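Enquirer: Let me give you the structure first, and then I'll get to my questions.
Number of protein chains: 2
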Amino acid sequence: MAKQQRDISVSEFFAKNRHLLGFDNKRKALLMSVKEAVDNALDACEEAGHLPEIEVRLTQLAEDRFRVKVRDNGPGIVKQQIPNIFGKLLYGSKFHRLKMSRGQQGIGISAAGLYGLLTTGKSIKVTSRTSPRKEAHYYEIQIDTRKNAPMPVKDQSMEVDWPSGTQVEIELVGSYNKGRQSVDEYIDQTAIANPHVRLVYFPPAGEPIEYPRGTDVMPVQTEAIKPHPYGVELGALIKMLQETKSHWLSGFLHAEFCRVSNRVADEICARARLNARAHPKRIARQEAEKLYSAIQQTRLRSPPTNCLSPIGAEQILTGLLKGVGAEFFTAATRPPAVYRGNPFQIEVGLAYGGDLGPDPRTDNGEVQYAKKARGKKGDNGNGSRSPSLARVIRFANRVPLLYQQSACCIFKSIVDIDWRRYRLSQSSGALPQGPVVIMVHMASVWVPFTSESKEAIADYDEIRQEVRLAVQECGRKLAAYLNRRRRQKYEGQRRNIFERYISEVVEACATIKRVNREQLNRDLMVLAKGMTARADEELDEHGRPIAKRGPGRSGSEFGTNTVVVDRDAQPAGALFQKTG
Amino acid sequence: MAKQQRDISVSEFFAKNRHLLGFDNKRKALLMSVKEAVDNALDACEEAGHLPEIEVRLTQLAEDRFRVKVRDNGPGIVKQQIPNIFGKLLYGSKFHRLKMSRGQQGIGISAAGLYGLLTTGKSIKVTSRTSPRKEAHYYEIQIDTRKNAPMPVKDQSMEVDWPSGTQVEIELVGSYNKGRQSVDEYIDQTAIANPHVRLVYFPPAGEPIEYPRGTDVMPVQTEAIKPHPYGVELGALIKMLQETKSHWLSGFLHAEFCRVSNRVADEICARARLNARAHPKRIARQEAEKLYSAIQQTRLRSPPTNCLSPIGAEQILTGLLKGVGAEFFTAATRPPAVYRGNPFQIEVGLAYGGDLGPDPRTDNGEVQYAKKARGKKGDNGNGSRSPSLARVIRFANRVPLLYQQSACCIFKSIVDIDWRRYRLSQSSGALPQGPVVIMVHMASVWVPFTSESKEAIADYDEIRQEVRLAVQECGRKLAAYLNRRRRQKYEGQRRNIFERYISEVVEACATIKRVNREQLNRDLMVLAKGMTARADEELDEHGRPIAKRGPGRSGSEFGTNTVVVDRDAQPAGALFQKTG
Chain A
113 MAKQQRDISV SEFFAKNRHL LGFDNKRKAL LMSVKEAVDN ALDACEEAGH LPEIEVRLTQ
173 LAEDRFRVKV RDNGPGIVKQ QIPNIFGKLL YGSKFHRLKM SRGQQGIGIS AAGLYGLLTT
233 GKSIKVTSRT SPRKEAHYYE IQIDTRKNAP MPVKDQSMEV DWPSGTQVEI ELVGSYNKGR
293 QSVDEYIDQT AIANPHVRLV YFPPAGEPIE YPRGTDVMPV QTEAIKPHPY GVELGALIKM
353 LQETKSHWLS GFLHAEFCRV SNRVADEICA RARLNARAHP KRIARQEAEK LYSAIQQTRL
413 RSPPTNCLSP IGAEQILTGL LKGVGAEFFT AATRPPAVYR GNPFQIEVGL AYGGDLGPDP
473 RTDNGEVQYA KKARGKKGDN GNGSRSPSLA RVIRFANRVP LLYQQSACCI FKSIVDIDWR
533 RYRLSQSSGA LPQGPVVIMV HMASVWVPFT SESKEAIADY DEIRQEVRLA VQECGRKLAA
593 YLNRRRRQKY EGQRRNIFER YISEVVEACA TIKRVNREQL NRDLMVLAKG MTARADEELD
653 EHGRPIAKRG PGRSGSEFGT NTVVVDRDAQ PAGALFQKTG
Chain B
113 MAKQQRDISV SEFFAKNRHL LGFDNKRKAL LMSVKEAVDN ALDACEEAGH LPEIEVRLTQ
173 LAEDRFRVKV RDNGPGIVKQ QIPNIFGKLL YGSKFHRLKM SRGQQGIGIS AAGLYGLLTT
233 GKSIKVTSRT SPRKEAHYYE IQIDTRKNAP MPVKDQSMEV DWPSGTQVEI ELVGSYNKGR
293 QSVDEYIDQT AIANPHVRLV YFPPAGEPIE YPRGTDVMPV QTEAIKPHPY GVELGALIKM
353 LQETKSHWLS GFLHAEFCRV SNRVADEICA RARLNARAHP KRIARQEAEK LYSAIQQTRL
413 RSPPTNCLSP IGAEQILTGL LKGVGAEFFT AATRPPAVYR GNPFQIEVGL AYGGDLGPDP
473 RTDNGEVQYA KKARGKKGDN GNGSRSPSLA RVIRFANRVP LLYQQSACCI FKSIVDIDWR
533 RYRLSQSSGA LPQGPVVIMV HMASVWVPFT SESKEAIADY DEIRQEVRLA VQECGRKLAA
593 YLNRRRRQKY EGQRRNIFER YISEVVEACA TIKRVNREQL NRDLMVLAKG MTARADEELD
653 EHGRPIAKRG PGRSGSEFGT NTVVVDRDAQ PAGALFQKTG
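As given, the protein sequences belong to chains A and B, one line each in that order.
Following the working numbering, the numbering of the first sequence begins with 113 at its first residue and continues without gaps.
Following the working numbering, the numbering of the second sequence begins with 113 at its first residue and continues without gaps.
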């Protein structure tokens, strides 16, 4: 038995377990390849400060064979690094730092190349140019899975007509469909979460689709941070003590962690009854344990948040307004929070469109979406007509998450909320019902995914709570809007009935002596109009009117970051009334 | 940017992503460590042909700190291999072969050691003895995560009082609870699926629990098989062509794959229009593609199934009878099937106990289980009383799967079945309701898990279908049993009512002349008894009586592998009537 024991290379491991990386089936494989290439392209552009321009081109070569080609205008990659980046799993610059980026593992694009190689035998093709003054370089790369090492099979200079950037080409067995969980949906949602990106998408058939830039402002550049002491485990602390370049303990604490000033470092040492001038390498295990519990007992500031770059409520609203044909839009941004020492921030956008009941506007985008969601979930052949469920759009570090919804912390938070408080019906343990789209974004230096394929966020209490609070904030605004609408409708009905009978009332009164018929008619009409005006007031959860907070602009009574689109008045391309 | 690019060791990767290995929280971490150690112990014993005796000992050292100690009577591990096996991720003998075993990745036990090291700073301690003639060897091992290499910190000979085997000791941060998803449940279910194992379990508090052997017969020794041609992808085929030791193409096909005779190999070559005598290394990519499609077009036998060792219907029934206090038991075993070239086999056991309505017997084990399941799932604070759901027990290669039930192919198959056909009520998209326990085992040379933590089986159509067919077979037997029970009850009621009125009928008839009162009474009683006898007949799905298949032994009318326990007659330790 001893003879059979041997190393398993990480490439072999993931080749055999490629469903762990999201390459379970042909359809998903196509999506994953596009996703990994686009995520890398966007990261590269943003880190170099280039406003991203991305071109995605799918070419169908045979029934189940596609070529994926993705090009960016980023800084390009130096020649020596190309083989490792595209031909080796677990290699990269993003794993060892704490900074918000789309990629974090150093697996994605190499795995896509490996999948292409496994299914078609074709190499991944990479062309990269670092400057307009230099020639581009072209590589064809395969992975030696037994060694997890790149095998360049072609390596040459090349003329290209673009000044800088990287182009990746993968041939693979895949299948292309439109609709849910498709490449199209991924591109769509990427444009929503990244309004600073210009995207041109060539689907396998049909016209190319251009997503123009919504803003010329780049997202705020994020900083890499040092780990926060609260997130470090005893074993990791011992290892850091062994490996530090600091010569004494307090210096070590100050240098290797964030939010540990010299004063705080001395405080920790004192609490642990350790000499602040002790050499870190000489700290024994028992002493390290004391140090560890002293850290836990010391009050420390939360980690800095300049490592995070949220999308922002304004951009979320812009994205939703472009993508979803609803009538009510609102957004909420939570302050940064921390899980296991990692800072993160939650943002939520909510769109509501159309009546809950039968509505002629059911051909609106968002209602169709909700219907599709129902079709996927509740259709188990028993033919019962279940109501349409809300649609959830999830993002992590600006990347859309399209699979494993029900395993995701975001989904669980939304399902756990009691939506009846916000005037939506809801079955127990399910999404709320109605024409609702809920978009949630988690920005973090380290998003805890449930698998290497990065499809769902792991269920940390801190994350769940932040999602809940942000969604509830949007829910409250939605409830206020729904209350007003309900009241308006009710008052409108009352006025109609009243108006219908005005002339008869006038006639009846006229039979009484000394009544001025015209004056009475005018007075009653004023009364009827007054009813409608009152109906515009905001109502609280119990239907009682609330005093207005801001000046009279419509929408403002629902708080900041809310947009109401009057689709009845201006059916298409409506003017938005935006407040906040 | 280029300077920051560097290798990520697989240990670093999994240390940062340890939730991928199942070490998400303290409770699960304790379970995972026990599980990995026990799985390895059982594999080692069985491969060496030792009837396994396993001792599991949990010691609580502090509020959230435990020592896990697992010892087996296996063949032991040679000294040189110990550091690699316990101190290196992705190392082992099970990954590169196609053979049914509990471990398959070469990650588990090292990951448990790494988790212990990370959380407590303590090494994993391994004592192993390969023969009673040799001394045992003792190691303390840490992992150098940066290199993914073992660092033995202690290494010495040792006297032990057991002749051969391996003992592993890990100190870790964890938490111990009883109930669902606990170490206790894992040990319980391991005993059910491995009746040939003697297990002694020392929980942190209370008396040790002994699981005696249910059988002295070892499971059939399984063989490693070669890959089946249908499961090989183009890229993998090309790589095999490059690496083979065969000198010509047909020889390569015959030597590297199963179910390819020389005749079939020639047939494939002819179909691909390739020379059977061509040198495999000289086959170009385009030719390999032809070869690949020729393989797909050739009719091949299914892979051999001596690589599988199912538990067997008899043992499943024995296990269920021991573990679950139900009244009706049945089991079904499917013939072996294939997914992506890998043979697998599905076995199902089903236990049913107590009435669906209010029942004095609700303190039976299985009803409590079902109640717990409901508590976990449907309790979202709305206070509605949902009915108790069936309980699903999942196994893969004899290992209980306790987490991620709803992500598992087995669960999805069961939920998709229309249980109303089998006389159980069911909400759409949910488990059936009632005091039912469904046990499903998948045996395969390669179980496709959805994550490295091996908690759920990936959703392959072939697997889903086999589970469905096996569960439905059990469902049909259950329906027959429930029908008979319902009929018996109904007829019993009828007879009771009838009997109650016999004397009055007799009185009434007696007023008519020429009626023999005693004779009439006797005749009517005979009639009443006849009704009961008829009620024992088996009824089909529509409630019509079916002719009995076998001789009169109770239970036989439900087919083979079925046990009915008459709990009314013999409340405890009932005699089983077994057929088949």
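By construction, the Cβ of each residue, glycine as well, lies at the ideal position given by its N, Cα and C atoms.
None of the values given here were measured: they were computed from a predicted structure.
Closest by CA to ILE458/A, which one among VAL146/A, ARG183/A, LEU420/A, LEU433/A?
Expert: Considering only alpha carbons, the answer is LEU420/A.
Enquirer: Let's see if you can read the secondary structure: which residues bound the beta strand (DSSP E) around SER240/B?
Expert: Where SER240/B is concerned, the enclosing beta strand (DSSP E) starts and stops at 236-241.
Enquirer: Flag THR232/A as yes if its beta-carbon sits less than 8 Å from any beta-carbon of chain B, otherwise no.
Expert: yes
Enquirer: I think ARG177/B touches THR232/B, with their Cβ atoms under 8 Å apart; what is that distance to the nearest whole Å?
Expert: Right, the Cβ-Cβ distance comes to about 7 Å (below 8 Å), so this counts as a contact.
Enquirer: For LYS200/B, count neighbouring Cβ atoms within 10 angstroms of its own Cβ and tell me buried if that reaches 16, exposed if not.
Expert: buried
Enquirer: Which residues in chain A have a C-beta closer than 9 Å to the C-beta of PHE207/B? List them in chain order.
Expert: Here the neighbours are ARG118, ILE120, GLU124, PHE125, LYS128.
Enquirer: PHE561/B: which of ASP119/B, VAL122/B, GLY134/B, ASN608/B sits nearest, CA to CA?
Expert: GLY134/B
Enquirer: Figure out for me which residue from ALA502/B, ARG179/B, MET212/B has the closest Cα to the Cα of PHE456/B.
Expert: The closest CA to that of PHE456/B, considering only ALA502/B, ARG179/B, MET212/B, is found on MET212/B.
Enquirer: For the beta strand (DSSP E) that contains MET554/B, what are its first and last residues?
Expert: Counting along the chain, the beta strand (DSSP E) containing MET554/B begins and ends at 548-556.
Enquirer: Please state the DSSP three-state secondary structure of LYS601/A.
Expert: helix
Enquirer: Do we get a CB-CB distance below 8 Å when we pair SER563/B with the residues of chain A?
Expert: yes
Enquirer: Going by DSSP, name the residue or residues bridged to GLU283/B.
Expert: ARG179/B
Enquirer: Pairing CB atoms from the region 563-582 of chain A with CB atoms from the region 531-545 of chain A, are three or more of them under 8 Å?
Expert: no
Enquirer: Determine which residues of the region 287-309 of chain B have a Cβ less than 9 Å from any Cβ of chain A, and write them out in chain order.
Expert: none
Enquirer: Express the C-alpha separation of GLY347/A and HIS249/B in angstroms, rounding to a whole number.
Expert: 26 Å
Enquirer: Distance check for GLY286/A and SER294/A, CA to CA, integer angstroms please.
Expert: 12 Å
Enquirer: Using only the alpha-carbon positions, how far apart do ALA224/A and GLY215/A sit?
Expert: 14 Å
Enquirer: Indicate whether at least one CB of chain A lies closer than 8 Å to the CB of GLU345/B.
Expert: yes
Enquirer: Going along chain B, which residues have a C-beta under 8 Å from ASN196/A?
Expert: GLN117
Enquirer: Between the beta-carbon of ASP119/B and the beta-carbon of LEU202/A, is there less than 8 Å?
Expert: yes
Enquirer: Name, please, each residue of chain B whose Cβ falls closer than 8 Å to the Cβ of GLY587/A.
Expert: What GLY587/A touches in chain B: nothing, since even the nearest Cβ is about 17 Å away.
Enquirer: Nearest-angstrom Cα distance between ASP184/A and GLN408/B?
Expert: 39 Å
Enquirer: ALA348/B versus chain E: which residues are under 7 Å apart at the beta carbon?
Expert: No chain E appears in the structure shown, which is made up of the protein chains A and B.
Enquirer: At a cut of 8 Å, does the region 398-414 of chain B reach the region 429-446 of chain B through at least three beta carbon pairs?
Expert: no
Enquirer: Please classify LYS357/B as buried or exposed, where buried requires at least 16 neighbouring CB atoms within 10 angstroms.
Expert: Only exposed fits LYS357/B, as fewer than 16 other CB atoms lie within 10 angstroms of its CB.
Enquirer: Using the beta-carbon count (16 or more within 10 Å), is LEU639/B buried or exposed?
Expert: exposed
Enquirer: So with CB distances below 7 Å, who are the chain A contacts of ARG397/B?
Expert: GLY233
Enquirer: Kindly list the residues whose CB is nearer than 8 Å to the CB of ARG497/B, restricted to its own chain and excluding five residues on each side of it in sequence; keep chain order.
Expert: Note that ARG497/B scores a pLDDT of 44, beneath 50, so its modelled location is shaky; the value from the coordinates is reported in the next line. Closer than 8 Å at Cβ, skipping near neighbours: no residue.
Enquirer: Would you list the residues sitting across from ALA363/B in a DSSP beta bridge?
Expert: Going by the sequence as given, residue 363/B is Gly instead of Ala. GLY363/B pairs with nothing; no bridge assigned.
Enquirer: Please state if the CB of ILE219/A and the CB of ILE236/A are separated by a distance shorter than 8 Å.
Expert: no
Enquirer: Answer with buried or exposed for SER563/B, where buried requires no fewer than 16 other C-beta atoms within 10 angstroms of its C-beta.
Expert: buried
Enquirer: Can you tell me whether ASP378/B is helix, strand or coil according to DSSP?
Expert: helix
Enquirer: When you compare each of HIS208/A, TYR404/A, VAL332/A, LEU365/A to ALA384/A by their alpha carbons, which one comes out closest?
Expert: TYR404/A
Enquirer: Let me see if you follow: with CB-CB separation under 8 Å, is ASP184/B close to chain A or not?
Expert: no
Enquirer: Using three-state DSSP, classify TYR227/A as helix, strand or coil.
Expert: helix
Enquirer: With a cut-off of 8 Å, does the C-beta of GLN193/B fall near any C-beta of chain A?
Expert: yes
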